[in-house]
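First comes the structure, then the notes that go with it.
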Amino acid sequence: MSVSISYEYFRQLYAADELVGWQPEDIALLKERFGALPETLEQFYSAAALTPRMLAVQDEWVTPQHYRRWDWLWEDECLVILIENQGVCRAGVRREDLHLPDPPVYYRQNGEGDPWLPCAPSVSEFLASALAYEVIFTFEYTPEDFVYCIEKEALPLLDERLDRQGYTMSWLSGLDFSFYTNAANNMLVLMDYGESELQLLFGGTDEEACARLAAAVEDIAQPL
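Just so we're aligned: the sequence shown equals residues -13 to 210 in this note's numbering.
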């Protein structure tokens, strides 16, 4: 499923002064070496992918600098977009899908022989999800207890109280991520481990935005 992404929205959420994209020659080299580049990924690279605040996050967005440093990126089975901070897994687009405007994204654990698994049904949904997850680690305002637990039975209340965003992803050993807000400048990430208890991370660009999320979950979530 394709998702409409507002990079201006994410600029404000990341408290970035301006959006910074790749240089045209770096995008042209990528298209030349891989043979094609999905339209949605090219838009991200052109519009926002080198914004400093978006790079100062938990995991590592692949940039032109990485391509100059790591030859394996040119040889991988996928065009890699994001690498987990300890190198545990990476997400990307399969080479055979690069001609599609908004192809699916897959992730792979870095063990020998590990398969590529579905991460998001489209590049646009992956980008929205990854940007929403990574922003949590840039917020100036987060709860004192950074990680919270919530029982599955309480999820209907979460859906009643917050606005669920229209994008999800699987990442980090098969965790399912979904996203909620109740203001334009906050974000809550729900992480489903496939067990009865799930985890929450949340925060905002100011104290009020963070407090609004805290108030919404204070009776249904507990610090880890």
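Ideal Cβ positions, reconstructed from N, Cα and C, are used throughout, including at glycine. It should be emphasised that the depicted structure is a prediction, and the values quoted were computed from it without experimental measurement.
- If you compare the alpha carbons of Thr191, Glu194, Leu176 and Gly190 with that of Ala207, the shortest gap goes to Leu176.
- Within its own chain, the residues whose Cβ lies closer than 8 Å to the Cβ of Ser108, once the five positions on either side in sequence are excluded, are Met(-13), Ser(-12), Val(-11), Thr26, Asp88, Pro89, Pro90 and Val91, listed in chain order.
- Segment contact: the segment 48 to 56 against the segment 121 to 131, fewer than three CB-CB distances shorter than 8 Å; contact not assigned.
- Here Asp45 is buried, its C-beta having at least 16 other C-beta atoms within 10 Å.
- A distance below 7 Å separates the beta carbons of Met155 and Ser115.
- The distance from the Cβ of Val66 to that of Val48 is about 5 Å, consistent with a contact at the 8 Å cut-off.
- Unbroken beta strand (DSSP E) runs of no fewer than 3 residues, entirely contained in the segment 136 to 170, are found at 149 to 157 and 161 to 167, following chain order.
- Comparing alpha-carbon positions, the option among Ala200, Arg39 and Lys138 lying closest to Gly180 turns out to be Lys138.
- Between the segment 158 to 166 and the segment 68 to 83 there are three or more inter-stretch CB-CB distances shorter than 8 Å, so the stretches are counted as touching.
- When secondary structure is reduced to three states using DSSP, Phe125 falls in the coil class, being assigned neither helix nor strand.
- Of all alpha-carbon atoms in Val43, Asp83 and Ala33, the one lying nearest the alpha-carbon of Phe123 is that of Val43.
- Per DSSP, Tyr92 lies in no alpha helix (DSSP H) segment; the continuous beta strand (DSSP E) that holds it begins and ends at Val91 to Gln95.
- Val6 and Tyr(-7) have their C-alpha atoms roughly 11 Å apart.
- The C-alpha of Gln95 lies about 22 Å from the C-alpha of Ala118.
- Here Tyr134 carries a strand assignment [DSSP, helix/strand/coil].
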